[in-house]
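Protein chains in written order, with my numbering: chain A, 130 to 512; chain B, 57 to 240; chain C, 1079 to 1525.
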């Protein structure tokens, strides 16, 4: 903290200006949750920023150690509540790998489809909430109408709207309901046609562009230093996407549909555009999965499991491309029915750390723009 | 300017369209049969095996029971003991709606129902006892039909296997009979 | 201002009986409050429709009583005074914000002469030879309320909100005043009723389009409405100047904001849209449109149209950033109004000299300036390319942390980008040059 002194004249000591400390959060409308930022301000300009995390720490990793693998699925889908399906996926992939389990084809494709639908849900949420933070109150309702289309099909198959709890070790909980794929296709088509409205409302808007272009530029070096991942990293030109670079599920076979969206600018606008375009890619992927599911022969979607499921002794690291970035589980088992340790690497935790670098020198209004464009979920930060 | 005009046009256009709001208390939402609204208990099926209570990740199921001696029906036979359910309660303030209890129940005593209107002012009133849980049983919908590519239900597979087995056995028997006829 | 204008303004005003003046004052007060309630409801409805929702519908028919219910609820809420607040100023501030908003209505013409209980009187409380200046003066006092509220709350967010609002009001009032000056040049009067009367033939919005546009932009800035709602930017400053206010005090700010909206809309109607005069297609088919109580309807509709624009903008646009907003105010609106004012003055002078083509000149010049305005606005909104280029000038990074698609540590001699951490206890060089680099950077940054 520095104090600027006017060193001449009478009353010079009274004219000292001191920096102001502003606490953004833990209760603040634009931290959507309980993230706290301690800003030191010089007027409206930020001198330094420090994210203070942990207000919502729930000890997920410790809880994992005293839960069996089915219960872990339930716990794991809760840290990032906007990408529940993708969170579950990492856990079951890790356990399946430890067990050397071969998951039925239909389950693999259905999982891919659901993971992409989940990605759309997640991205639409941020596409709506980001303009809201910049003061445009309408786009979020458009985004939520689109979300509702996808929510309906997700609810139909899993019974849940946020915490789907649909993955099981060895496959999925239940088979798809009759006619569900048709409804997914319809929902995907509806969302695709309506996305242009959101586009007109937000990304073409001059005020929005002026607020976001050139603001909060994240360099590839910073991305690498802080372990930033997902659409935020790709907006800075870091072309890294696990779905393509280390394919899991059925992504290996979807290589011709999967387009990794990247931008070079690394500013807030690039991050927003990345997200918007990823929705289009995800919708295409979902369509491709639907086609494939229709062609697959009759078969199960899960495997019969033993009464007590124990992962063999050993360790493995399963990471997935979650909607918000890399999500990894490091599973260490000692042959018990609970893991000995299950380390969670969540995307948002790394992504928000970079705020200390991005915020200094910005205005408070830019802070909101940058914070929103880092697309974080507080539960994912605090675990 | 063009972008602003476009945005203004979008809002003006939506202004004239019908709203998508669901007027909830007047119009009830149509929920799919798999919706995880509330857990209903089919008390008659419960054998107090405690599996659900043990598997629940946050232990929100409370079960009390006592043993009852069922006197032998015929003289000479042994008396049997039977578990009688005294209390079955789910604390919905704790429940995380994961459905593990429904899944582990080996006797089909627990079911999901899309019923959701049981919010209260007091957290203590969220612990629902077995009478209430039994009442919710009436709201449980039949499960949806499965996709055409889905595996056939276990019963069907078993029945088919049984038929195959029986056919095989019959064929074998016929063959044996034929053989027996040939060389008596 | 001409002498005749002064005389005309005085005619018919200040001659009413005392009970008629009282009645008009009470009616105007009631009108303001009812308009506020209606505007809040209307805003919530329109924004809801724009967002595919229904909006308030349970309280009263179509939810019309919703804002009344909210007002009652607000009044019954706990009144909290923050510990760090400067009590006296904290209490006075909302009153200071609200009273001038009502006072401005004293000179707004709602209609021409009508008869009330047999008395011929103007539908206007009073008029002054300098009525528009009076409105400007009164509106500036209202800003004190907001500034004082921000300061006296003794809290960071309101302070920032108050600061923003004082700067905002000051810069936009200049543009606003300059746009009025063009109107005065044409009407030859500052009395509101005179200005309306002078628009019998052509509205000033048609005659002075640039002034009109500048005024509309400035009036949105003046009322702290989206996209210029910086003093109360929810996502940034929580509630801005009224963050620490609750109950009736908060309600007063709310009331002041909406009354202000009606005031500026009324002023725009009066100065540019012909006040209570009927729009031309109606006057063409219907002779009696401008007689009796009908003009009040035209006035009301025009004000409603402005309020709809307010709501429409709020429902669509994101908020400007503070510096962009200032840029528009000082670098676009003020120079433009100055140039325009000079143009108008020249044309007026030419006309007084008796040039017939002056009207054509004005039209052409108006078109040119309107184009200029658009292009300057465009430049203000699109960011500066040079600044962008300057902001981003990072050197080539020799260290590739994802070499071979897998995270790798830096090789000796390669340098990691600095990673600031909390509570670095003792920066100890560990020997490797790359590691030694880190704490050095750190201390530099701290100094």
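Glycine included, C-beta positions come from ideal geometry on N, C-alpha and C.
**Request:** Excluding the 5 residues preceding and the 5 following residue 1304/C in the sequence, name in chain order all residues of the same chain whose CB lies nearer than 7 Å to its CB.
**Result:** Cβ neighbours of residue 1304/C beyond the five flanking positions: 1391, 1392, 1395, 1397.
**Item:** Straight-line Cα distance separating residue 145/B from residue 96/B
**Value:** Distance between the alpha carbons of residue 96/B and residue 145/B: 11 Å.
**Request:** Spell out whether any CB of chain B is found under 8 Å from the CB atom of residue 498/A.
**Result:** So, not an interface residue.
**Endpoints, the beta strand (DSSP E) within which residue 1161/C is located** = For residue 1161/C, there is no enclosing beta strand (DSSP E), since its DSSP letter is neither H nor E.
**Request:** Would you decide whether residue 1118/C is buried or exposed? Buried here means 16 or more other CB atoms lie within 10 Å of its CB.
**Result:** Classified as buried, residue 1118/C has 16 or more neighbouring CB atoms from the shown chains inside 10 Å of its CB.
**Request:** May I ask you to verify whether the region 1207-1224 of chain C touches the region 1266-1273 of chain C, counting CB pairs closer than 8 Å and requiring at least 3?
**Result:** The region 1207-1224 of chain C, when compared against the region 1266-1273 of chain C, does touch it at the 8 Å Cβ threshold.
**Asked** When you compare only the Cα positions, how much space is there between residue 1328/C and residue 1222/C?
**Response** Straight-line spacing of the CA atoms in residue 1328/C and residue 1222/C works out to 16 Å.
**Request:** Give the secondary structure of residue 1451/C by DSSP, where H, G and I count as helix, E and B as strand, and everything else as coil.
**Result:** Residue state, collapsed to three classes: helix.
**Prompt:** Does the distance from the C-beta atom of residue 185/A to that of residue 162/A stay below 8 Å?
**Reply:** The Cβ atoms of residue 185/A and residue 162/A sit closer than 8 Å to each other.
**Item:** Extent of the continuous alpha helix (DSSP H) to which residue 203/A belongs
**Value:** Unbroken alpha helix (DSSP H) run through residue 203/A: 198-205.
**Asked** How should residue 132/A be labelled, buried or exposed, when 16 other C-beta atoms within 10 angstroms of its C-beta is the threshold for buried?
**Response** Since pLDDT at residue 132/A reaches only 47, below the 50 mark, its modelled position is unreliable, and no value is offered.
**Message:** Just to confirm the assignment, what range does the alpha helix (DSSP H) spanning residue 1107/C have?
**Reply:** Where residue 1107/C is concerned, the enclosing alpha helix (DSSP H) stretches over 1096-1128.
**Request:** Can you give me, in chain order, the residues of the region 64-96 of chain B that have a beta carbon less than 9 Å from any beta carbon in chain A?
**Result:** Sequence-ordered contacts of the region 64-96 of chain B with chain A read 65, 66, 67, 69, 70, 76, 87, 88, 89, 90, 91, 92, 93 [C-beta pairs closer than 9 Å].
**Asked** Nearest to residue 1109/C by alpha carbon, out of 1182/C, 1216/C, 1218/C?
**Response** The shortest CA-to-CA distance from residue 1109/C to any of 1182/C, 1216/C, 1218/C is the one to 1182/C.
**Asked** Apart from the five residues just before and just after residue 342/A, which ones in its own chain have a Cβ nearer than 7 Å to its Cβ?
**Response** Here the set comprises 396, 398.
**Message:** Quick check on the burial criterion: 16 or more other C-beta atoms within 10 angstroms. Buried or exposed for residue 1199/C?
**Reply:** Note on residue 1199/C: 16 or more other CB atoms within 10 angstroms of its CB, so buried under the neighbour-count rule.
**The beta strand (DSSP E) enclosing residue 137/B, as first and last residue numbers** = Per DSSP, residue 137/B belongs to the beta strand (DSSP E) from 136-147.
**Prompt:** For residue 293/A, which of helix, strand or coil comes out of DSSP?
**Reply:** For residue 293/A, the three-state secondary structure derived from DSSP is coil.
**Prompt:** Would a check of beta-carbon distances place residue 207/B closer than 8 Å to chain A?
**Reply:** Yes, residue 207/B counts as interfacial toward chain A.
**Request:** Under 8 Å by Cβ, that's how I've got residue 373/A and residue 387/A pegged, so tell me the actual separation to the nearest angstrom.
**Result:** The Cβ separation is near 6 Å, so the contact holds.
**Prompt:** Does residue 1508/C have its Cβ less than 8 Å from a Cβ in chain B?
**Reply:** Any reading at residue 1508/C needs caution, since the residue's pLDDT is 46, under 50, leaving its predicted position unreliable; the model's value is listed next. In terms of beta-carbon proximity, residue 1508/C stays away from the interface with chain B, with every pair separated by 8 Å or more.
**Message:** Determine, for residue 1336/C, whether the minimum Cβ-Cβ distance to residues of chain A falls below 8 Å.
**Reply:** No Cβ of chain A is located within less than 8 Å of the beta carbon of residue 1336/C.
**Request:** Return helix, strand or coil for residue 1339/C, following the three-state DSSP convention.
**Result:** Residue state, collapsed to three classes: helix.
**Message:** Tell me the rounded alpha-carbon separation between residue 130/A and residue 319/A.
**Reply:** Caution applies to residue 130/A, whose pLDDT of 44 falls short of 50 and renders its modelled position unreliable; the value that the coordinates give is listed next. Their Cα atoms are separated by approximately 53 Å.
**Prompt:** Which residues does DSSP pair with residue 119/B in a beta bridge?
**Reply:** Residue 119/B is bridged by DSSP to 144/B.
**Asked** Using the beta-carbon count (16 or more within 10 Å), is residue 219/B buried or exposed?
**Response** By the Cβ neighbour-count rule, residue 219/B is exposed, with fewer than 16 other Cβ atoms within 10 Å of its own.
**Asked** If we cut at 8 Å on Cβ distances, does residue 1314/C have a partner in chain A?
**Response** Residue 1314/C belongs to the set of residues whose beta carbon lies under 8 Å from a beta carbon in chain A.
**Request:** Determine, using beta carbons only, whether residue 267/A comes closer than 8 Å to chain C.
**Result:** Yes, because at least one Cβ of chain C sits closer than 8 Å to the Cβ of residue 267/A.
**Request:** Within 10 angstroms of the Cβ of residue 163/B, are there 16 or more other Cβ atoms? Answer buried if so, exposed if not.
**Result:** Exposed, since its Cβ has fewer than 16 Cβ neighbours within 10 Å.
**Chain-order list of residues whose beta-carbon lies under 7 Å from that of residue 182/B (same chain, five-residue window excluded)** = Cβ neighbours of residue 182/B beyond the five flanking positions: 147, 148, 149, 176.
**Item:** Option in 1247/C, 1112/C, 1102/C with minimal Cα separation from residue 1299/C
**Value:** Taking each of 1247/C, 1112/C, 1102/C in turn and checking the Cα distance to residue 1299/C, the smallest one comes out for 1247/C.
**Where the region 1132-1165 of chain C meets chain B: residues whose CB sits under 7 Å from a CB there** = Going along the region 1132-1165 of chain C in chain order, one finds 1132 with a Cβ nearer than 7 Å to chain B.
**Message:** Please report whether the beta-carbon of residue 1390/C lies at a distance below 8 Å from any beta-carbon of chain B.
**Reply:** Answer yes: the Cβ-Cβ gap between residue 1390/C and chain B drops below 8 Å somewhere.
**Message:** Any C-beta of chain A within less than 9 Å: which residues of the region 180-210 of chain B qualify?
**Reply:** Within the region 180-210 of chain B, the qualifying residues are 199, 200, 201, 202, 203, 204, 205, 206, 207, 208.
**Asked** Is the Cβ of residue 106/B closer than 8 Å to any Cβ of chain C?
**Response** Cβ-Cβ to chain C under 8 Å: no for residue 106/B.
**Residues in the region 132-164 of chain B having any Cβ partner in chain A nearer than 9 Å** = The region 132-164 of chain B vs chain A, Cβ under 9 Å: 152, 153, 154, 155, 156, 159, 160.
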